[in-house]
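Accompanying notes for the structure given below.
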Amino acid sequence: MSELELTAVRVPPSALGASLPQVPDDHRFRLEFRDWLAGNTPPSPSGMTEAEDFAFRAKWQKALYEGGWAGPAWPKRYGGRGSGALEQFMYYEELALAQAPRVTNESGILLLGPTLMVHGTEDHKRRFLPGILSGDDIWCQGFSEPGSGSDLASLRTRARDNGDGWVISGQKIWTTWAAYSKWCFVLCRTEDTPRHKGLSMLIVDMDQPGIEVHPIRQMSGRADFCEVFFEEAQTPHDLIVGERGQGWQVAMTMLQFERADQGYTDHAPLLVTLHLLRQALSDAVAGSSLLPPEAARLRFADLWRRCQQLRRYNLRNAVNAEQGREVGVAASTVNVFWSHLVKDLAEFKASVQADDGVLDNTPTSENLLYSRASSIYSGTDEIQLNIIAERILGLPR
Amino acid sequence: MTAYETASDAILSAQQHDMRTLARDLVAQLGQERGDPAAGDPGAAAARGWDTLAELGWASLAVGEADGGLGLGMVERCIVAEEIGRGLLPLPFLSVTLAADVLRLLCRPDLARSRLRRIAEAGGKTAVAAGTRLLAPGLDHVAVSAARAHDGTWALNGSASLVPEAAGASDLLVFAAVGDGGTGVFEVRPPAPGLAVCPVRTLDLRRDFADFTFTAVAAERLDTGGTAPAAVRHAEYRAELTLAADAVGGALACLERTIAHVSTRYQFGSPIGSFQAIKHRLARAWVATESARELVLAAAAAIDDSTAFQEELAIAARISASSALRLAADEAIQFHGGMGFTWELGLHHYFRRSFVADQILSTGSQRNTRLASTLGV
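Those sequence lines, one after another, are chains G and W. Quick note: the first sequence, position 131, residue 131 per the working numbering, numbers continuous. Quick note: the second sequence, position 121, residue 121 per the working numbering, numbers continuous.
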């Protein structure tokens with residue numbers, strides 16, 4: 001079964017499980033979006049180069065933007081729909097059912113834009129938010145450094161105030177889409193106070209002589225993320241987000257968006273993948289599966305069960321958010337649950353579609369390789385487990 | 001625990017939330033009175049617990065309002081079952097709710113009505129007996145046969161072994177093979193001539209089990225004739241879900257006790273709960289338990305809302321909950337060190353339950369296969 005065939009068909013809502021009363025299958029919001037998607041979703045061509053893939057995704061984001069569907073969670077005055085959490089939940093389910101491509105500026109829409117809405121000035125919002133939503137400006141997140149991964153607060157990239165503005169020197173790493181980005185959120189040290197207390201968040205124009213970007217080839221063969229070198233790079237005073245020395249709070253807001261987001265967005269594509277593998281299961285008899293049919297059936301059932309758990313988690317978090325409660329540290333629980341599921345599902349897919357699974361550079365094998373990142377980015381599993389242990393279970397530090 | 005409770009109860013109504021609080025307080029109080037059933041007589045405490053549940057109407061929450069019950073849904077049933085499981089209270093909640101379902105779903109309405117009323121009025125202890133191993137209403141396992149005399153009366157012969165929560169039952173519903181290859185539901189009211197009830201001590205000291213032998217026992221047939229397998233499955237997966245909630249409660253109790261212990265037990269100058277070797281394993285057990293609880297509530301909501309995938313979700317919840325209890329019980333014993341291995345500390349009761357309860361109604365591997373079949377793969 002080729003990936004092309006996979007994207008040709010719209011998946012029935014039953015692939016996701018039961019119709020939930022909070023977000024029913026025939027909800028007006030769903031029907032409206034479903035209708036738009038039916039007329040506008042492009043099938044994903046296979047065998048694109050990375051640059052072609054990027055251009056394809058940019059075009060798709062533009063189409064969503066022009067249709068008014070790019071940022072459901074964004075307030076209307078910034079070009080979004082002002083949707084609550086339950087509509088967002090439905091939005092991502094419908095995107096997955098339509099097998100829509102991913103957009104280019106995912107982190108801009110889900111993390112950086114919302115963070116600007118919380119901590120940015122009115123000027124920031126007017127100036128930057130429209131470009132984030134349309135995808136005209138790609139944004140990246142300059143947090144991790146070679147010496148500061150899980151221990152983010154130890155970071156050493158420094159910005160000094162030379163009177164005219166900020167001058168930044170240092171190095172960031174694992175910066176997703178930096179090679180395509182116009183703007184970067186740079187978490188850097190501006191004060192002499194130690195660790196968390198000495199940080200500020202700066203918006204930096206990537207198009208300047210003081211910045212050099214080196215893509216990093218990932219284990220999957222692609223290069224989504226980069227090293228970014230700052231050598232006396234500059235940014236004006238007014239591009240600080242939050243107060244001087246308050247960068248950590250801004251970063252934590254963003255990380256919380258990142259962890260919570262995996263909640264809303266990720267059960268649906270997993271369930272759709274699983275649904276599409278049903279066919280492969282009957283093909284399994286024909287010999288392309290590494291698993292005997294009975295083992296494949298049981299594995300399928302196991303993954304479906306876990307996807308349903310994830311869906312319920314996401315529903316719960318959406319209901320919480322809808323009722324005005326913060327998702328907070330509960331996001332870490334979802335994250336740990338999700339990361340294992342992503343890995344196991346990718347492995348299952350590669351095992352039952354072994355013809356593709358063993359070849360390099362197929363969507364299936366790339367997905368298998370890429371899935372290994374799920375327990376590393378946005379806080380490793382080990383960091384998430386610490387958060388659960390200390391902040392949910394109340395264990396001593 | 002507060003952060004967790006807030007998150008998890010988001011989908012529950014205010015009444016359901018209050019019910020959980022009340023049930024938790026009640027179980028804590030009954031648990032204090034209970035003592036150790038292995039050492040003394042659990043009967044008195046169990047009876048008191050059941051009376052309390054009956055006063056609240058919870059003993060008959062599965063009975064419809066028209067028949068004098070509260071007519072509550074599966075979500076409420078799971079809330080109560082979880083708290084009973086947390087306290088390991090020896091109450092016949094599983095068997096009485098299952099009996100109400102069997103009466104409602106499988107029996108002639110005119111005959112069911114008086115039995116349902118009896119459950120509602122007296123908090124009656126009606127149990128369901130079938131099968132050769134534990135409680136297995138699955139029609140393949142029936143080892144009791146029913147014969148009809150010339151005068152139209154029925155007599156049962158055969159046996160049902162390891163039936164849970166049935167030793168003290170005032171009414172017994174028995175699945176029995178009838179001549180034409182079908183299965184019927186029969187009522188026997190112990191003590192009855194020809195009925196032998198033999199309590200069996202299983203590993204799980206907090207849930208009673210008994211073997212039943214039927215020798216020409218007079219019985220009344222209650223079913224509509226030719227009991228439909230689909231209806232049996234409806235009753236069955238509701239019971240599976242009740243067991244899942246019970247297991248989640250047990251897992252939560254294990255985790256709560258362990259969290260308290262590792263936070264106050266010092267070695268190498270630090271509370272052992274500050275060591276990542278312990279933190280990470282406890283956090284994982286927590287994720288397993290919490291995600292199982294969410295699935296239990298999702299399945300219960302699916303049944304109450306009459307959506308698709310009721311059976312799939314109920315079986316899935318049982319699989320998740322069963323493994324969560326096993327993991328939590330194992331980790332609780334491990335992290336209590338030598339104390340965890342003692343009789344006195346009582347953690348072994350959860351481990352015992354995890355092993356025995358896992359086999360009630362179905363075994364783990366049967367459930368895995370059944371989920372796959374129900375999903376149509």
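We treat Cβ as the ideally placed atom computed from N, Cα and C, and that holds for glycine. Since this is a predicted model, take the numbers as computed values, not measurements.
| field | Selection from G:Glu93, G:Ile173, G:Ser169, G:Gly79 that minimises the alpha carbon distance to Arg127 (chain G) | value | G:Gly79
| message | Taking CB distances under 7 Å as the criterion, tell me whether Leu375 (chain W) reaches chain G. | response | yes
| request: Could you check the C-alpha separation between Ser322 (chain W) and Leu241 (chain W) for me, to the nearest Å? | output: 11 Å
| request: List in chain order: all unbroken alpha helix (DSSP H) runs of 4+ residues lying wholly within the stretch 205 to 279 of chain W. | output: 229 to 264
| said: So with CB distances below 8 Å, who are the chain W contacts of Leu281 (chain G)? | reply: Val377
| task | Would you mind sorting Asp171 (chain W) into buried or exposed? The rule is 16 or more other CB atoms within 10 Å of its CB. | result | buried
| task | Within the stretch 66 to 96 of chain W, note down every full alpha helix (DSSP H) run reaching 4 residues or more, in order along the chain. | result | 74 to 87
| query | Are the C-beta atoms of Phe300 (chain G) and some chain W residue less than 7 Å apart? | reply | yes
| query | What are the boundary residues of the beta strand (DSSP E) that includes Arg160 (chain G)? | reply | 158 to 161
| message | Can you tell me whether Ile388 (chain G) is helix, strand or coil according to DSSP? | response | helix
| task | Whole angstroms is fine: what's the gap from Thr190 (chain G)'s alpha carbon to Ala70 (chain G)'s? | result | 35 Å
| Can you tell me where the alpha helix (DSSP H) with Cys307 (chain G) in it begins and where it stops? | 293 to 322
| request: Look up Arg189 (chain G) in the DSSP assignment and say whether it is helix, strand or coil. | output: strand
| request: Return the Cβ separation of Ser220 (chain G) and Trp174 (chain G) in integer angstroms, given the expectation that the two are a contact with Cβ distance under 8 Å. | output: Not confirmed; about 14 Å, so no contact.
| field | Selection from W:Gly269, W:Glu187, W:Pro229, W:Phe351 that minimises the alpha carbon distance to Leu205 (chain W) | value | W:Phe351
| request: Determine whether the Cβ of Ala285 (chain W) lies closer than 7 Å to any Cβ atom of chain G. | output: no
| said: Would the stretch 222 to 232 of chain G count as touching the stretch 165 to 179 of chain G if we require 3 or more Cβ pairs under 8 Å? | reply: yes
| Where does Gly242 (chain G) land, buried or exposed, given buried means 16+ other C-beta within 10 angstroms? | buried
| query | Nearest chain W C-beta to Thr273 (chain G) closer than 7 Å, yes or no? | reply | no
| said: Buried or exposed for Val217 (chain W), going by 16 or more other Cβ atoms inside 10 Å? | reply: buried
| Alpha-carbon spacing of Pro215 (chain G) relative to Gly273 (chain W), whole angstroms | 41 Å
| Would you say Glu418 (chain W) faces chain G, with C-beta separation under 7 Å as the test? | In the structure as shown, chain W starts at 1 and stops at 377, and residue 418 (chain W) therefore has no counterpart that could be examined.
| query | Based on Cα-Cα distance, which residue from W:Gly57, W:Val80, W:Ser60 lies nearest to Arg20 (chain W)? | reply | W:Val80
| For the stretch 72 to 102 of chain W, which residues have a CB atom closer than 9 Å to at least one CB atom of chain A, in sequence order? | Any reference to chain A falls outside this structure, whose protein chains are G and W.
| Once you ignore the five residues that flank Arg233 (chain W) on each side, which residues in its own chain have a CB closer than 8 Å to its CB? | Glu311
| message | Which residue wins for smallest C-alpha separation from Ala28 (chain W), given the options W:Gly364, W:Tyr237, W:Leu89? | response | W:Leu89
| query | So, helix, strand or coil for Asn157 (chain W), using DSSP? | reply | strand
| query | Buried or exposed: Phe337 (chain G), going by 16 or more other Cβ atoms within 10 Å of its Cβ? | reply | buried
| message | Check whether chain W comes within 7 Å of Trp400 (chain G), counting only Cβ atoms and requiring the distance to be less than that. | response | Not covered by the structure: residue 400 (chain G). The range shown for chain G is 1 to 397.
| query | According to DSSP, which residues form a beta bridge with Gly312 (chain W)? | reply | A small fix is needed here, since residue 312 (chain W) is Glu in this sequence, not Gly. None, per the DSSP bridge assignment.
| field | Closest residue to Pro13 (chain G) among G:Trp60, G:Ala280, G:Arg81, G:Ala96 (Cα-Cα distance) | value | G:Ala96
| query | What does DSSP give as the partner residues of Lys172 (chain G) in its beta bridges? | reply | G:Val228
| query | Just checking my contact of Glu187 (chain W) with Leu222 (chain W) at CB under 8 Å: how many whole Å lie between their CB atoms? | reply | 6 Å
| said: My assumption, with CB atoms under 8 Å, is that Ile132 (chain G) sits in contact with Trp177 (chain G). Please give the rounded CB distance. | reply: With a Cβ gap of about 12 Å, Ile132 (chain G) and Trp177 (chain G) do not count as contacting.
| query | Can you list, in chain order, the residues of its chain whose CB lies under 6 Å from that of Asp246 (chain W), leaving out five sequence neighbours each side? | reply | Ala81, Gly85
| request: Compute the distance between the beta-carbons of Tyr65 (chain G) and Ser134 (chain G), then report whether it is under 7 Å. | output: yes
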